[in-house]
Each structure stands twice: as structure tokens, then as C-alpha cells.
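Report on one structure; see the data block that follows.
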Ligand SMILES: [Zn+2]
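In our numbering, the protein residues as written are 3 to 669.
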């Protein structure tokens with residue numbers, strides 16, 4: 003018994019530590035899978051004696067932050083029980099049968115468990131009232147003003163119930179997560195450990211602009227409460243209704259499936275989960291019928307009618323062969339572990355990032371150690387833990403740039419160390435690679451390998467020299483592997499890339515802190531390249547003016563000004579401007595229908611009303627429900643009522659369904 007108590011205390015302390023890292027500091031040290039296993043181990047040890055040991059370890063979430071108003075969940079947001087293998091799932095069904103005394107087939111929905119942040123949203127008469135986080139399950143944080151910056155998060159519902167409370171998950175797509183941590187690394191900040199921490203760190207902030215810039219997404223998956231004017235009988239009906247009301251609902255799910263079909267679905271998704279652009283950590287099975295759900299009810303911490311079938315953690319153990327240092331385009335030094343090649347989730351990994359030297363010190367990692375490496379999607383694999391120390395050697399922080407040997411500099415408030423030599427070859431190569439990359443000028447035929455090679459051969463020396471490649475035809479054709487055809491393809495794609503936008507141009511220059519979002523704001527501010535060129539030598543004025551532009555922080559303005567203070571940079575910009583066709587700024591969402599008001603009436607035969615409205619919104623229309631003298635168009639389907647008459651009286655332009663289709667087709 004004494005031994006058991008000791009073990010319980012130890013496990014509890016460990017779980018509490020990971021709770022803190024996970025919820026309050028957004029920087030977990032172990033995978034969720036391992037965390038859930040720890041919890042399961044503790045529960046097994048306690049075996050019903052929970053009360054003897056207090057319940058703190060079972061807390062569902064985190065204490066709501068005082069930075070936000072608190073919102074009480076009238077219906078608690080419970081967590082789900084976990085199943086780690088098929089036996090656990092079969093056990094789950096067995097318990098349900100026993101509880102219900104049920105011998106017939108049971109039907110479930112099987113839905114992807116998105117790895118994000120759960121939220122709750124309340125609508126009154128179709129108008130969004132409040133959005134909150136889960137918090138500790140009973141009290142959440144009011145995040146309404148941040149949530150409404152998320153794309154397609156409805157603030158007003160069509161044909162709504164009087165009252166509606168929904169649940170869902172806010173998440174960051176893997177591609178956006180990758181971009182975000184790339185920027186954080188380049189800026190010398192500590193990157194988020196995973197997409198869920200990034201989603202949480204982007205949503206639970208005081209500045210809504212930050213939330214907006216992070217491009218979060220969401221899925222709605224549950225109706226917690228709905229007024230009696232709407233009757234739904236099952237989870238699969240709820241999903242349909244949510245979709246009809248205009249919420250984003252994940253189309254990938256099984257409705258009314260038997261348990262063996264659920265398990266098959268689990269296997270299918272598990273195999274291709276790396277192809278999906280958001281992180282999922284398992285499949286949730288829910289008893290479909292509400293009548294049965296109600297009979298089953300909840301335990302103190304989770305519903306009896308649902309279980310999360312978890313995927314095994316996507317990590318592997320490997321040995322570090324050496325630690326080398328990479329130079330980034332902004333001079334930041336990133337330590338990289340070269341590993342004995344290892345298969346993680348179907349992909350062979352031979353290098354993993356260590357982020358920075360603070361991270362190396364935290365992990366206590368050095369050459370030869372056995373380490374745990376994780377990989378998720380396209381995100382760079384990273385070392386998360388030392389499994390076995392092989393030596394007591396300490397990894398030394400480099401003093402000189404591995405490329406140009408300049409003395410490295412450490413920013414006082416940042417963790418990164420960097421090479422500040424503007425002629426550092428590696429930085430120049432990385433800048434050229436960035437310039438040609440998909441998100442910048444998108445020169446398809448000019449990849450990383452070619453750029454490195456051409457730079458070595460001095461065929462490309464700086465950004466403008468890319469556009470003189472056609473002069474080097476002889477030299478390039480004389481290189482092995484390059485044929486006439488691929489040469490002309492490359493020249494064509496370089497030519498094509500000359501047409502670019504002002505925002506992409508700013509972004510392509512590799513100026514510290516000037517990422518895609520800030521580039522967009524700069525483009526909006528300057529409107530065209532000439533306005534920028536006219537101010538380029540007057541840094542003081544530019545600094546004063548830009549400082550007050552919404553969305554641009556002071557450090558960004560300082561970096562931009564530092565960049566154009568250097569004469570060679572100005573020369574380069576001018577050269578590029580002569581070569582490129584940089585389009586003037588166009589308001590992103592402005593179309594020829596922007597701000598026009600449109601009303602739909604009658605029955606549409608070729609599309610649903612919702613579909614038609616979505617198309618209208620996409621085109622920039624404002625959709626209203628009543629005709630007024632400000633209405634620009636009325637789309638009249640079959641069996642129109644008074645709206646058609648009103649429109650005729652007011653002289654509003656009337657479109658048939660076919661006219662509308664014709665009009666949208668042209669867009
Ligand atoms: Zn260097």
C-alpha cells in the first residue's frame with residue numbers, strides 16, 4: 003500500500019506539471035498520447051479511490067485567465083474518455099450494452115478529433131451572442147471579439163432557431179502553422195510546439211488583430227442546446243442542421259455506423275492523416291440517437307455515450323550523429339541534429355531541428371545521444387526529448403558563422419544568435435531561395451538545388467541577376483542534366499514571375515519582421531511602387547508615418563528603415579523595379595459588386611438558398627432579407643410573394659434564377 007501511495011503521488015505530480023506546461027504555458031514537453039497514458043495509469047492505480055487522493059489531477063482544462071471576462075457553461079463542457087486500442091473500444095460498447103440492457107445493433111457517428119481548442123457559441127434569434135473557450139469545463143473565457151475574426155464564423159444565421167448553443171473546435175491548419183513557426187524562428191522568437199498550442203496562443207490574446215492575422219479555422223460539431231422550434235433526434239441530424247445553418251462542418255465523418263465500421267474508418271483515416279491539412283489526434287465515436295445518449299448520461303468527468311479512439315504518437319527514437327548549424331536568410335543560426343535515418347509515420351527522417359541554443363540547453367542534448375523525434379505533416383521534424391545520454395559532453399554555442407566565419411551576435415531579448423555579415427554567402431543564397439519561393443515571386447522552374455548550384459558557379463550572384471539568366475544559356479546548357487527544353491522552361495517561368503503584386507514584392511525582399519501580413523499592410527499604405535520609391539531616401543519621414551499605421555509595430559518600421567538605409571539595398575530595389583511589373587495595390591476583397599445589396603426571394607430550383615447567398619457574399623454583395631430603395635438586385639425564384647412587388651414598385655433590378663447563374667458564371 004505504501005509503495006502504491008508513493009507511486010500515486012509521483013504520477014500526480016508529474017501530471018500536474020504537464021497540465022501546467024500544456025494549458026498555461028502553451029509548451030508541452032510530452033506528446034498528448036503519452037500524457038493520456040499517464041492519466042490512464044493513474045486512474046487504474048486509484049481504481050475508484052479518487053476521493054481519497056483529491057481530484058485535482060482530473061481537472062478537465064485550465065483555470066480561465068483573468069484577462070478575459072468569464073462565462074459560465076450552463077451545460078458543462080466535459081472531456082472524453084480515451085480508447086488506446088480496439089480492446090478499449092470493444093469494452094466501451096460492452097459497457098453501453100450492459101448499462102442499457104440493449105441487445106440490438108448500436109449505431110454511432112465517427113468524427114475526426116481535431117487537435118485545436120474547443121469553443122462554445124451561443125446564438126439568440128440567430129444573432130451571435132457569445133463565444134467562449136472551454137476553460138475548466140464549467141467556466142470559460144469570453145473570446146467573442148477574437149472568434150469573429152475567423153473566416154466564415156457566422157455572426158448571423160439564416161432561418162435560425164430562437165436559441166442555439168453549439169460546440170466546436172478552433173484550429174490552425176498545418177500549412178498556416180508551418181508558416182507561423184517559420185516566421186517565429188526567423189524573428190528569433192520561441193516557436194509554438196504544435197498547432198494546438200499555436201491556435202490557443204493565437205486565440206487567447208487581447209489583441210484581435212493577432213487572431214485575425216493567424217488565419218485560424220473552425221469546425222462546428224455539436225449542438226448543446228436548441229429551442230423547441232427545431233426538433234433533432236440524433237448526432238448525425240445535428241451535423242446536417244449545423245451545416246444548413248451556415249456553420250463549417252467537417253464533411254469527413256461516418257453517420258449511423260456499427261462499431262466495426264467505425265474501426266475500419268479509424269484505420270483508413272490513420273493511414274492518410276498526414277495528408278490532411280490539420281492535425282487530428284483520433285476519431286470520436288458517439289452513440290447517434292439522442293434518446294440513448296440521454297439514457298446513458300454522464301459520469302462526473304465524461305459522457306458515457308462517447309469515446310475518443312486515439313492515434314498513437316507520431317514519433318520515433320533515433321541517434322544523433324552530429325549537430326550542425328544552419329544559416330537562415332536573415333542570418334539566424336539554427337542548430338540541426340543529423341540523425342540515423344528513421345521512419346516516422348511513413349517518412350524517413352534524417353535531420354531534425356533543435357530550434358536554438360536555449361532549446362539545446364533545456365534538452366541537455368549532445369552528439370551521440372538517443373533522442374525522441376516527432377514529425378507532423380510537412381512541419382520540420384524536431385527533437386523533443388533525450389531518451390539516453392551517451393556522453394557528458396556539452397554542446398557549445400558557436401562563436402563564428404559556419405559559413406563566413408564572422409563573429410556571431412546574440413540579441414538581448416531574443417533567443418536567436420545571428421550572423422550580421424551582409425555578404426555572408428549562405429544568407430544571400432537563402433534570400434534568393436526565398437525570393438523565388440511559392441509565397442514570394444513564385445519562380446516555378448528555379449528550385450533550391452539549382453539556386454545553390456548557380457550561386458556556386460557565379461551564374462546567379464544576387465536577386466536582379468536571376469533575370470539575366472538567359473544570357474548564360476551556353477554555360478547552363480554545358481552543365482550536365484540541363485537540356486534545351488528545361489532551360490527554356492526555366493526562362494519562361496522567370497519571365498512569368500516578373501508580373502507581381504506590391505505585397506509580394508515587399509515580402510520577397512527578406513526584411514526582418516516583414517512577413518506576408520505586414521507586406522500586405524505596407525502595400526495598402528503605399529498603394530503603388532512609385533510612392534514607395536519616392537520616400538525611400540527619406541527614412542525619417544517614412545518612420546514617422548508608418549509608425550502610426552494600424553497593424554505595423556514599431557520594430558517592423560525600424561527594420562524596414564534599417565534596410566533602406568543601406569545604399570546597396572536601395573540600388574537593388576531600384577534595379578528590381580526596372581525589371582519587374584509591380585501591380586498597384588488592389589483591395590483584397592473588392593469586386594465590382596462590393597457593397598451592393600441583393601435580396602433572394604421565391605424558390606430556387608438549381609441551387610439552395612444558402613448556396614446562392616454564399617456565392618453572393620463571395621462576390622462582395624451584402625445579402626439582405628427585405629427589399630428597400632437601397633437594394634440593387636432582387637433574385638426572384640418560383641412563387642414569389644410581396645418582395646417581388648416591392649421591388650417592382652421601387653424600380654429594383656430583378657433577376658431570374660438563370661440571370662443570376664449567368665451573372666455568377668462570368669465571375
Ligand atoms: Zn555568415
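All residues carry an ideal CB built from backbone N, CA and C; glycine is no exception.
Considering only the beta carbon of each residue, do residue i and residue j sit closer than 8 Å?
i	j	result
residue 436	residue 512	yes
residue 329	residue 428	yes
residue 606	residue 639	yes
residue 553	residue 588	no
residue 85	residue 271	no
residue 375	residue 351	yes
residue 594	residue 626	no
residue 252	residue 240	no
residue 372	residue 399	no
residue 44	residue 14	yes
residue 95	residue 80	no
residue 280	residue 176	yes
residue 297	residue 82	no
residue 313	residue 112	no
residue 490	residue 442	no
residue 238	residue 151	no
residue 575	residue 538	yes
Under the rule that 16 or more other beta-carbon atoms within 10 Å means buried, what is residue i, buried or exposed?
i	result
residue 254	exposed
residue 337	buried
residue 59	Any reading at residue 59 needs caution, since the residue's pLDDT is 37, under 50, leaving its predicted position unreliable; the model's value is listed next. Under this definition residue 59 is a buried residue.
residue 104	exposed
residue 396	exposed
residue 143	buried
residue 213	buried
residue 391	exposed
residue 283	buried
residue 11	exposed
residue 333	buried
residue 596	exposed
residue 169	buried
residue 631	exposed
residue 217	buried
residue 659	buried
residue 8	exposed
Sorry if obvious, but does the Cβ on residue i come closer than 7 Å to a heavy atom of ligand 1?
i	result
residue 521	no
residue 512	no
residue 329	yes
residue 432	no
residue 401	no
residue 429	yes
residue 334	no
residue 300	no
residue 423	yes
residue 467	no
residue 405	yes
residue 204	no
residue 408	yes
Leaving aside the five residues before and after residue i along the sequence, list all residues of the same chain whose C-beta is less than 6 Å from its C-beta, in chain order.
i	result
residue 501	583
residue 458	none
residue 634	598, 599
residue 433	331, 512
residue 78	139, 140
residue 1	Outside the shown range of the chain, which is 3 to 669, sits residue 1, and nothing can be said about it.
residue 666	617
residue 505	521, 522, 525
residue 326	338
CB-CB under 8 Å to residue i, same chain, minus the five flanking residues each way: which ones, in chain order?
i	result
residue 53	Only weak support exists for where residue 53 lies, its pLDDT of 44 falling under 50; the value from the coordinates is given anyway. Correct list: empty, nothing qualifies.
residue 469	496, 500, 581
Give a single yes or no on whether residue i has its beta carbon closer than 7 Å to a heavy atom of ligand 3.
i	result
residue 426	The model depicted lacks ligand 3 and carries ligand 1 instead.
Kindly list the residues whose CB is nearer than 7 Å to the CB of residue i, restricted to its own chain and excluding five residues on each side of it in sequence; keep chain order.
i	result
residue 604	638, 639, 640, 641, 642
residue 611	602
residue 69	208
residue 154	250
Exercise. Considering only residues of the segment 544-617, which uninterrupted beta strand (DSSP E) runs meet the minimum length of 3 residues and lie entirely inside it, listed in chain order?
Worked result: For the segment 544-617, the full-length beta strand (DSSP E) segments reaching 3 residues or more read 583-585, 599-603 along the chain.
Exercise. Which whole runs of the beta strand (DSSP E) in the segment 366-399 are 3 residues long or more, in chain order?
Worked result: Scanning the segment 366-399 from its first residue to its last, the whole beta strand (DSSP E) runs of 3-plus residues come out as 372-376, 384-390.
Exercise. Counting only runs that start and end within the segment 267-352, where is the beta strand (DSSP E) found for 3 or more residues in a row?
Worked result: Runs of the beta strand (DSSP E) spanning 3 or more residues and lying entirely within the segment 267-352 occur at 282-289, 308-312, 317-329, 335-346, in chain order.
For this session: Go through the segment 454-526 residue by residue and report every complete run of the beta strand (DSSP E) that reaches 3 residues or more, in order.
Result: Within the segment 454-526, the complete beta strand (DSSP E) runs of at least 3 residues are 501-503.
Exercise. Which full runs of the beta strand (DSSP E) of 3+ residues lie inside the segment 70-99, going along the chain?
Worked result: Listed in chain order, they are 72-74, 83-85.
For this session: Please specify which runs of the alpha helix (DSSP H), each continuous and at least 4 residues long, are wholly inside the segment 89-166, giving them in chain order.
Result: Fully contained in the segment 89-166 are the following alpha helix (DSSP H) runs of length 4 or more, in chain order: 146-149.
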